[in-house]
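If you use this note's numbering, the sequence shown corresponds to residues 116 to 418, in order.
Working notes, beginning with the structure itself.
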Amino acid sequence: MSKASNRQRLLLVATALAAGLPAPAALATSDAHAGLPETMTLTGVVRDFKARDEGGHADFQRRPDAGFGHYVYMVADELDDDGKPAFNSTGYKLFSNWTDANGNPISPPRDHIAQRQGDSSGSIADSTGGALTTPANFAQWFRDVPGVNVSRPLSITLRREAGSNVYVFDDKTDAKYKELGGFFPINDELFGNYGSTGKNYHFTFELETEFIYREGAGQVFTFIGDDDVWVFIDGKCVIDIGGVHSAIAQTIDLDRLEWLEDGQKYDLKFFFAERHTTQANFRIETSLNLRSINLPATAALFD
């Protein structure tokens with residue numbers, strides 16, 4: 116902003132205040148993104164499961180064969196014909212992260228994600244580590260299966276950080292989840308809480324959203340949390356955080372997805388699983404202007 120423009124802005128603010136009128140927010144804060152909405156509410160489906168030690172699903176409250184930790188390549192590169200993550204393996208335990216030039220954790224290599232100068236390689240195990248059980252069991256995570264899970268709609272609200280185009284949902288600052296001590300959206304609901312914990316630890320959450328891609332605009336999507344999280348853009352996996360672990364971060368810079376075309380609309384699908392005690396961390400941070408589209412199909416919402 117030029118000195119003249121800045122003086123004009125300050126004069127307008129001073130004039131409004133002298134007249135007892137509120138100064139326009141965009142002028143008072145110099146917020147270049149003031150035209151953006153303050154919040155984005157996204158609605159998906161939460162599916163509740165019983166723990167394996169309570170007669171429930173074999174993948175919930177289960178320790179991976181190779182121990183707790185971050186596992187990758189559990190899901191295939193692309194969504195299946197139903198728009199769900201497809202089983203690829205029981206997971207390769209990750210020992211160190213792939214990172215970008217700024218040190219941000221990124222997905223391990225996938226053919227559709229461009230590599231860049233400054234990226235650093237991580238390392239994974241040579242053989243699979245049993246982070247889940249079978250393809251058939253995994254297929255139940257994000258589908259309604261009578262007798263195996265029960266479901267209902269669930270909304271989360273991302274809030275715009277002041278003076279920016281970045282939207283955040285964080286269980287540690289969200290008024291509801293801060294009081295609950297973590298991301299526990301269905302305490303005392305559906306199948307009920309686990310054991311004597313007073314909390315419901317065993318569920319999945321699926322979101323289907325869309326956005327407009329702006330080439331070179333620095334659009335990013337970051338997730339920090341536990342347990343499993345997979346993000347797909349235009350049907351291709353771009354964030355790969357599998358396994359049972361404490362909070363883990365991973366980021367996708369959309370300019371790495373070189374098949375995306377500037378100004379075009381694309382879908383982003385988000386798949387999350389909370390599978391084990393004793394934490395439930397969940398943080399989304401993004402500069403994408405997301406909106407919910409079709410609610411993921413549910414055949415038997417809990418009554």
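Just so it is clear, CB atoms sit at the ideal spot from N, CA and C, and this is done for glycine as well.
If we count the other Cβ atoms within 10 Å of its Cβ and call it buried at 16 or more, is residue i buried or exposed?
i      : result
Trp374 : exposed
Pro200 : buried
Gly233 : exposed
Gly184 : buried
Gly340 : buried
Phe210 : exposed
Glu376 : exposed
Ala395 : buried
Leu405 : buried
Asp355 : buried
Arg390 : buried
Pro300 : buried
Ser311 : exposed
Can you tell me the Cβ-Cβ gap for residue i and residue j, rounded? I've got them flagged as a contact below 8 Å.
i      : j      : result
Asp174 : Asn252 : 6 Å
Thr324 : Leu157 : 6 Å
Leu322 : Gly159 : 4 Å
Asp195 : Cys352 : No, Asp195 and Cys352 are not in contact; Cβ-Cβ is about 12 Å, not under 8 Å.
Phe298 : Leu383 : Contact flag wrong, Cβ pair sits at about 19 Å.
Ala254 : Arg231 : The pair is not a contact, with the Cβ atoms about 35 Å apart (cut-off 8 Å).
Skipping 5 residues on each side, what residues in its chain have a beta carbon closer than 6 Å to that of residue i?
i      : result
Thr401 : Tyr282 and Phe336
Phe164 : Gly171, His172, Phe175, Asn264 and His317
Glu304 : none
Phe385 : Leu322 and Val346
Phe387 : Phe320 and Val344
Asp292 : Checking the sequence, you will find Tyr at residue 292 rather than Asp. Closer than 6 Å at Cβ, skipping near neighbours: Asp286 and Phe298.
Phe284 : Ile271, Leu273 and Ile399
Starting from the C-beta of residue i, find all residues in its chain whose C-beta is less than 8 Å away, skip the five residues before and the five after it, and write them out in chain order.
i      : result
Arg309 : According to the sequence as given, residue 309 is Tyr; it is not Arg. Cβ within range, chain order: Ala166, Glu169, Gln176, Asn315, Tyr316, His317 and Thr392.
Gly182 : Lys208 and Gly244
His105 : Residue coverage of the chain in this structure runs from 116 to 418, which leaves residue 105 outside it and unanswerable.
Gly333 : Asp368, Asp370 and Ser402
Phe257 : Arg162, Lys199, Pro200, Thr319, Glu321, Phe386 and Pro411
Pro220 : Asn212, Trp213, Thr214, Ile363, Ala364, Gln365 and Thr366
Can you check which of these residues, the options, is closest to residue i by C-alpha distance?
i      : options                           : result
Asp146 : Glu276, Phe326 and Gln255         : Glu276
Gly358 : Lys208, Asn219, Leu305 and Pro220 : Lys208
Gln365 : Asp349, Ile399, Met155 and Phe299 : Ile399
Thr205 : Ser238, Asn219 and Leu247         : Leu247
Ala362 : Asp343, Ser242 and Leu269         : Asp343
Ser235 : Asn404, Gly218 and Arg178         : Gly218
Trp213 : Glu330, Ser238 and Arg231         : Ser238
Lys287 : Arg406, Leu273, Leu405 and Ile221 : Leu273
Ile348 : Gly331, Tyr381, Gln230 and Asp355 : Tyr381
Met155 : Asn280, Asn409 and Gly313         : Asn280
Arg329 : Asn409, Ser242, Gln379 and Phe397 : Gln379
Pro224 : Leu269, Ile408, Pro268 and Val187 : Val187
Which same chain residues, not among the five before or five after residue i, have their C-beta less than 7 Å away from its C-beta?
i      : result
Asp289 : none
Asp180 : Gly244 and Gly245
Are there any heavy atoms of the ligand HEM lying less than 8 Å away from the beta-carbon of residue i, as far as the coordinates show?
i      : result
Thr248 : What this structure holds is no ligand at all, so the ligand HEM is not there to describe.
Segments of 4+ residues assigned as alpha helix (DSSP H) that fall wholly inside the region 252-286: none
Whole runs of the beta strand (DSSP E) within the region 334-401, excluding any shorter than 3 residues: With a minimum length of 3 residues, the continuous beta strand (DSSP E) runs that stay inside the region 334-401 are 335-340, 343-348, 351-359, 363-368, 380-389 and 397-401.
Quick check for students: name the residue ranges of the beta strand (DSSP E) that lie wholly in the region 206-257, counting only runs of 3 or more. 207-211
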